[in-house]
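Engineer: Residue numbers (the numbering used here): 1 to 288.
Heads up, the beta-carbon is just placed ideally off N, CA and C, and yes, glycines get one too.
After the structure tokens below, expect a handful of questions from me.
Given below as structure tokens:
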């Protein structure tokens, strides 16, 4: 048994990085900005006479919105959820049409700016839907089952900036966001190698499977198994928690094969296993 806070040795020669939670977005959601802009635009239309030309205050508001949209569209694609993009496009087109009808033709350069951002939003919506359709389409059964279903995929596998210390390193698994205390189950038949405190992983369970395969389940709030336990697929092994280096409740799930860390999504089949708001977002415009 390891002493408290002593990191657990990985199942390979090279140490795996400590688990991290989801990467924080570069800025707040754009919805509050859009709601405020639409409310101010409606109020302005009541105060300004119709067909007297595009008022300077409306032009200034639109130029300000264009600048904020530029900041928003500069974010990485995962930080611009599909539903936000759709709402942005709908709001932009509707408020632009209302102002044109109320005030008359806008300045030509302003029209180019606004219509250009609407085109950028449309392209990003199409890209988000295309990527989502390929990522979340139902797949044939895989070697592993989801350790927790109806969870949100809050962070994927691969290199990124550590959200706590800012260093660039590999995220050696996937993060599945779920409510504190939900049951985590074994991804396949196997036996428990260790179930203990493991440094940045917090409470962690490591399970050995056939085919030189090992899975890890980190940041648990409680352990429901012990070393040497034989497990069937779906056997409970722990509860969702926030122990170790974690900024919120979630499961950090790793897969190792032949001494190398692998992307867990390549081993999991049978559909997405994600909560409807996450799984449906890419296909139908739902929230992420």
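Cβ of residue 171 within 8 angstroms of Cβ of residue 218?
Structural biologist: Going by C-beta atoms, residue 171 is not nearer than 8 angstroms to residue 218.
Engineer: I need the DSSP call for residue 80, collapsed to helix, strand or coil.
Structural biologist: Residue 80 falls in the coil class under three-state DSSP.
Engineer: Is it the case that the Cβ atoms of residue 192 and residue 205 are separated by a distance below 8 angstroms?
Structural biologist: Contact: yes.
Engineer: On a Cα-Cα basis, can you pick out the residue from 214, 122 and 225 that is closest to residue 173?
Structural biologist: Considering only alpha carbons, the answer is 214.
Engineer: Excluding the 5 residues flanking residue 230 on each side, which residues of the same chain have their C-beta closer than 6 angstroms to its C-beta?
Structural biologist: For residue 230, where only same-chain residues beyond five positions count, the Cβ hits under 6 angstroms are 191.
Engineer: Of all the alpha helix (DSSP H) runs that stay within the bounds of the region 241-273, which reach a length of 4 or more residues?
Structural biologist: Correct list: empty.
Engineer: Run through DSSP, which three-state label would residue 197 get?
Structural biologist: Strand at residue 197.
Engineer: Grouping DSSP H, G and I as helix and E and B as strand, with all else coil, what is residue 147?
Structural biologist: Residue 147: coil per DSSP, three-state reduction.
Engineer: Expressed to the nearest angstrom, what Euclidean distance is found between the alpha-carbon atoms of residue 83 and residue 177?
Structural biologist: Straight-line Cα distance between these residues: approximately 19 angstroms.
Engineer: Pop quiz: residue 243 and residue 181 are said to be a contact at Cβ under 8 angstroms. What is the actual Cβ separation, rounded to whole angstroms?
Structural biologist: With a Cβ gap of about 13 angstroms, residue 243 and residue 181 do not count as contacting.
Engineer: Got a sec? Which residues, its chain only, sit under 6 angstroms from residue 116 by beta carbon, not counting five neighbours each side?
Structural biologist: Same-chain partners within the cutoff: there are none.
Engineer: Given that a residue counts as buried once 16 or more other Cβ atoms are within 10 Å of its Cβ, and exposed if not, what is residue 99?
Structural biologist: Its Cβ being crowded by 16 or more others within 10 Å, residue 99 is buried.
Engineer: Tell me, which residues are paired with residue 57 by DSSP?
Structural biologist: DSSP, once it has assigned bridges, lists no residue as partnering residue 57.
Engineer: Leaving out five residues before and five after residue 225 in sequence, what residues of the same chain have Cβ atoms less than 8 angstroms from its Cβ?
Structural biologist: 192, 195, 205, 231, 235, 236, 237 and 238.
Engineer: Measuring only the C-alpha atoms, how far is residue 95 from residue 158?
Structural biologist: About 40 angstroms.
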